[in-house]
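Shown next, in structure tokens, is the structure this report addresses.
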Amino acid sequence: MNSFKVSVIIPVYNTELYIKQTVESIQKQTLYDIEIIIINDGSTDNSLSLLLELSKQDHRIKIFSQENQGLSISRNTGLEKASGEFVYFMDSDDLLEKDALEICYQKCIAEKLDFVFFDAESFYAENTCPRNYQYQRNLQISDNVWQGTELLKIQDQTGNFRTSACLSFSSSSFLKKNNIRFYPHIIHEDELYTALLYLNATRVKYIQRTFFKRRVRKNSITTRPFSMKNIQGYFTVANELKNYTYSQAAVREIIHNHLSKMLNAAIRNAFKLPAKQRLYIAKCALMDYSKYVNCKTICVLLFKSLLKR
12 MNSFKVSVII PVYNTELYIK QTVESIQKQT LYDIEIIIIN DGSTDNSLSL LLELSKQDHR
72 IKIFSQENQG LSISRNTGLE KASGEFVYFM DSDDLLEKDA LEICYQKCIA EKLDFVFFDA
132 ESFYAENTCP RNYQYQRNLQ ISDNVWQGTE LLKIQDQTGN FRTSACLSFS SSSFLKKNNI
192 RFYPHIIHED ELYTALLYLN ATRVKYIQRT FFKRRVRKNS ITTRPFSMKN IQGYFTVANE
252 LKNYTYSQAA VREIIHNHLS KMLNAAIRNA FKLPAKQRLY IAKCALMDYS KYVNCKTICV
312 LLFKSLLKR
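Following our numbering, the numbering of the sequence shown begins with 12 at its first residue and continues without gaps.
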């Protein structure tokens with residue numbers, strides 16, 4: 012039997028400037044019956060000391076330390092430690108509205124949902140951070156219980172698909188039953204995780220509230236310059252979702268459309284990379300992803316940087 016209503020999983024790596032505020036936003040939740048699982052992923056700053064001080068004041072905080080292994084493995088470790096009926100993933104520099112967990116929990120229990128999802132807004136740690144991070148949806152749907160694949164299709168069609176794992180609140184049994192975990196050692200692991208939520212869920216609801224507050228700051232995963240690591244992450248996600256269609260033919264068209272949107276956007280973002288890398292990406296796109304990537308995208312990839320001169 013589960014001991015807590017919700018397990019909040021927070022991977023931490025060198026966020027000493029923000030981690031106290033983040034954890035306090037979880038401690039102050041109106042839903043008290045939660046466990047706060049913190050995975051210290053080999054931090055070399057003062058993060059662990061701050062966390063240990065917080066844990067002395069709150070028995071709900073559980074700290075586990077490991078060598079640095081990245082966000083995906085840290086979250087998966089948190090899932091292994093979790094005992095809550097539901098799971099929520101929090102990033103270590105962001106904030107959550109105080110009634111978020113209670114509203115999500117009550118909605119999931121009342122309507123026997125696999126997961127709920129909600130919106131976010133950005134705030135900026137420095138004035139020099141770019142103001143182009145959009146987490147709000149303009150999603151006009153009824154307040155019904157939806158099939159996950161229906162919602163994935165609608166969000167792709169309307170440009171409202173948001174990938175962050177911090178925007179969903181999921182049943183632990185649903186995640187376990189469908190073996191949904193985070194793919195290790197890639198960027199954009201949330202692209203795969205969130206897609207799998209929708210592809211496997213039969214009971215989903217959208218809560219039209221801005222619960223999550225994303226801190227945009229320099230040198231975070233989100234704001235680093237686009238690189239080959241980004242492309243490699245997207246290609247890995249594409250390969251995993253392509254493999255998923257082999258055993259789930261019913262969702263083949265939905266996955267095809269989803270991958271088309273994802274890959275065309277990702278490859279167009281690579282136009283500033285060095286020519287050799289762009290040629291490699293074009294070759295991969297034409298050889299392995301030609302069903303998804305259109306000719307205009309290849310032209311943007313290869314020639315847009317020349318046109319801008």
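A virtual CB, placed ideally from N, CA and C, is assigned to each residue, including glycine.
Here the structure is a predicted model, which means the values were calculated and not measured.
Item: Starting from the N-terminal side, write out each stretch of the beta strand (DSSP E) that is 3 residues or longer and does not extend beyond the region 171-247.; Value: 179-182 and 215-227
Item: Would the beta-carbon of isoleucine 309 fall within 8 Å of that of alanine 277?; Value: no
Item: Please report the straight-line C-alpha distance between glutamate 35 and asparagine 305, rounded to a whole angstrom.; Value: 47 Å
Item: Kindly confirm or deny that the region 218-230 and the region 256-273 touch, where touching means at least three C-beta pairs closer than 8 Å.; Value: no
Item: If distances are taken between C-alpha atoms only, which option among Gly170, Pro236, Phe75 and Glu108 comes closest to glycine 145?; Value: Looking at the sequence shown, residue 145 is not glycine but glutamine. Closest by alpha carbon: Gly170.
Item: Between Met101, Lys287 and Gln80, which lies nearest to isoleucine 49 when the distance is taken from Cα to Cα?; Value: Met101
Item: Got a sec? Which residues, its chain only, sit under 6 Å from arginine 279 by beta carbon, not counting five neighbours each side?; Value: Thr308 and Val311
Item: Of all the beta strand (DSSP E) runs that stay within the bounds of the region 92-178, which reach a length of 3 or more residues?; Value: 95-100 and 126-135
Item: In three-state terms, what does DSSP make of glutamate 46?; Value: strand
Item: Closer than 8 Å by C-beta to leucine 62: which residues in its own chain qualify, once you throw out the five before and the five after it? Chain order, please.; Value: Val23, Ile30, Val34, Ile49, Asn51, Ile72 and Ile74
Item: Would alanine 96 and lysine 16 qualify as a contact pair, given that the criterion is a beta-carbon distance under 8 Å?; Value: In the sequence as presented, alanine is not what sits at residue 96; that position holds glutamate. Going by C-beta atoms, glutamate 96 is nearer than 8 Å to lysine 16.
Item: Could you tell me which residues DSSP pairs with glutamine 77 in its beta bridges?; Value: Asp52
Item: Can we say the region 242-260 touches the region 153-169, given the rule of at least three CB pairs closer than 8 Å?; Value: no
Item: Could you pull the start and end residues of the alpha helix (DSSP H) that valine 34 belongs to?; Value: 30-38
Item: Is DSSP giving valine 304 helix, strand or coil here?; Value: coil
Item: Between the C-alpha atoms of lysine 123 and lysine 287, what's the straight-line distance to the nearest angstrom?; Value: 51 Å
Item: Report buried or exposed for arginine 263, applying the criterion of at least 16 other Cβ atoms within 10 angstroms of its Cβ.; Value: exposed
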